[in-house]
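**Student:**
In my numbering, the protein residues as written are 13 to 318.
1. Taking C-alpha atoms, which residue in 217, 306, 86 and 41 lies nearest to residue 119?
2. Please determine if the stretch 214-226 and the stretch 277-290 are in contact, where contact requires at least 3 C-beta pairs separated by less than 8 Å.
3. On a Cα-Cα basis, can you pick out the residue from 168, 22, 302 and 74 that is closest to residue 91?
4. On the premise that residue 205 lies in contact with residue 230, defined as a C-beta separation below 8 Å, what is that separation, rounded to the nearest angstrom?
5. Here's a check: name, in chain order, each residue in its chain whose Cβ is nearer than 7 Å to the Cβ of residue 17, leaving out the five neighbours to either side.
6. From residue 275 to residue 209, what does the alpha carbon distance come to, in whole angstroms?
7. In whole angstroms, what separates the C-alpha of residue 300 from that of residue 259?
8. I need the DSSP call for residue 25, collapsed to helix, strand or coil.
9. Using only the alpha-carbon positions, how far apart do residue 69 and residue 306 sit?
10. Under a three-way DSSP split, which group does residue 318 fall into?
11. With DSSP as the reference, label residue 268 as helix, strand or coil.
12. Taking the CB atoms as reference points, tell me whether residue 302 and residue 255 lie closer together than 7 Å.
13. Are the Cβ atoms of residue 137 and residue 213 separated by less than 7 Å?
14. Am I right that residue 46 and residue 63 are in contact with their C-beta atoms under 8 Å? What's the rounded C-beta distance?
15. CB-CB under 6 Å to residue 270, same chain, minus the five flanking residues each way: which ones, in chain order?
16. What residue from 39, 170, 101 and 294 has the CA that sits closest to residue 262's CA?
17. I'd like the ranges of any alpha helix (DSSP H) spanning at least 4 consecutive residues and lying wholly in the stretch 203-282.
18. Is there at least one Cβ from chain B nearer than 7 Å to residue 122's Cβ?
19. Ignoring anything shorter than 3 residues, give me the beta strand (DSSP E) runs that lie fully in the stretch 103-165, in order along the chain.
20. If you draw a straight line from the C-alpha of residue 134 to the C-alpha of residue 54, how long is it?
21. Just to confirm my understanding: we take residue 309, look at its own chain, exclude 5 residues before and 5 after, and list those with CB closer than 6 Å. What are they?
22. Could you tell me if residue 76 is buried or exposed, where buried requires 16 or more neighbouring beta carbons within 10 angstroms of its beta carbon?
23. Only counting the same chain, and skipping five residues up and downstream in sequence, which positions put a Cβ closer than 8 Å to that of residue 26?
24. For a minimum of 4 consecutive residues, which ranges assigned as the alpha helix (DSSP H) are wholly contained in the stretch 22-61?
25. For residue 170, does the count of other Cβ atoms within 10 angstroms reach 16, so buried, or fall short, so exposed?
26. Report all residues from its chain with a CB closer than 7 Å to the CB of residue 354; omit the five preceding and five following residues, and keep chain order.
27. Which residues bound the alpha helix (DSSP H) around residue 187?
28. Quick test of your reading: residue 217 and residue 125, contact by CB under 8 Å. State the CB separation rounded to the nearest angstrom.
29. If you run the structure through DSSP and keep just helix, strand and coil, what is residue 13?
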């Protein structure tokens, strides 16, 4: 497995966002210089009194929306780590639960996941937390949340790295803008830097977890999920699905198990992959009968019953 379902969901939510923002900004440049035209098929009215001011406000709105979407995507990634089949190890799961119990919000989850995966106070974790705090100040108009002193200190510690790795990002300027009252949107350079930092942060979390992942256990949970996903509507579907897999010849059983795995996030093996599923593990599963498969996969998934 090269990436978790959680990371795939994050990439689907954010993968093209920088491109989308630039496209919007190109369009707003046409609004600003007066060359933009309302097409008849849009069937709405549009006649800005001040095209320059209208473009500037729309640009700020687009950046705010992108920041809010980014933070929601980060939260989605962390929440999905704890969904079945579970990728997160017990330490990360505990960290997420502690952040929830202590009502630490998304920033607390990020801090705890970063600490549990060897990224405590890394440049990317710090910039991600900065994005979350900034988003909170923008979205919640009455929010009194401030950039914490420890976060400012950690950000300044990485000043040289931000400048070198994030296209000349000046963290001192970012901090000043993030602290403005009332809150204003980041610049284009700042929002694209925060998006990139989030991608790098999540890539490293994912790599850490996948290297430590018990892939045979994960495959069993994946197959259990496959067998039981329609059982609420049709209790008999569990055995029916099991028969469709384990009622075939041995070779067909193996190929079907592999195909289910590939359809649900597994990848063909590549050099440098963070984990590997042995042929023996697939053989063990393939040699079960339909009834044995239901019983064994059920017993291998604590707290659940097929």
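Each residue gets a CB set at the ideal place from its N, CA and C atoms; glycine is no exception.
Remember, predicted model here, so these are calculated numbers, not experimental data.
**Tutor:** Looking at the coordinates:
1. Per the Cα distances, 86.
2. Under the 8 Å Cβ criterion, the stretch 214-226 counts as touching the stretch 277-290, having at least three qualifying pairs.
3. Checking every option, the nearest Cα to that of residue 91 belongs to 22.
4. Not a contact, Cβ separation roughly 34 Å.
5. Same-chain partners within the cutoff: 92 and 277.
6. Looking at the two C-alpha atoms, the distance is approximately 29 Å.
7. Here the alpha carbon of residue 300 sits roughly 9 Å from the alpha carbon of residue 259.
8. DSSP places residue 25 in helix when its eight states are reduced to three.
9. Their Cα atoms are separated by approximately 58 Å.
10. Model confidence at residue 318 stands at a pLDDT of 49, short of 50, so the residue's coordinates are unreliable and nothing is read from them.
11. Correct three-state label for residue 268: helix.
12. In this structure, residue 255 lies closer than 7 Å to residue 302 by Cβ.
13. In contact: residue 137 and residue 213 (Cβ atoms closer than 7 Å).
14. With a contact defined as Cβ atoms closer than 8 Å, residue 46 and residue 63 qualify at about 6 Å.
15. No residues qualify anywhere along the chain.
16. The option with the nearest alpha carbon to residue 262 is 294.
17. 227-240, 249-258 and 262-275, all fully within the stretch 203-282.
18. Going by chain labels, chain B is absent from the structure shown, which holds only one protein chain.
19. As summarised for the stretch 103-165, there are no continuous beta strand (DSSP E) elements at least 3 residues long confined to that stretch.
20. Between residue 134 and residue 54, the alpha-carbon positions lie close to 46 Å from each other.
21. Within its own chain, the residues whose Cβ lies closer than 6 Å to the Cβ of residue 309, once the five positions on either side in sequence are excluded, are 232, 235 and 236, listed in chain order.
22. Counting of Cβ neighbours within 10 angstroms places residue 76 among the buried residues, the total reaching 16 or more.
23. Cβ neighbours of residue 26 beyond the five flanking positions: 81, 82, 85, 207, 210 and 211.
24. DSSP runs (the alpha helix (DSSP H)) wholly in the stretch 22-61: 29-44.
25. Using a 10 angstroms sphere on the CB of residue 170, the tally of other CB atoms reaches 16 or more, which defines it as buried.
26. Any answer about residue 354 is impossible in this case: the structure gives the chain only from 13 up to 318.
27. Where residue 187 is concerned, the enclosing alpha helix (DSSP H) stretches over 183-190.
28. Contact between residue 217 and residue 125 holds, with the beta-carbon distance rounding to 6 Å and staying under 8 Å.
29. Per DSSP, reduced to three states, the secondary structure at residue 13 is coil, with no helix or strand assignment.
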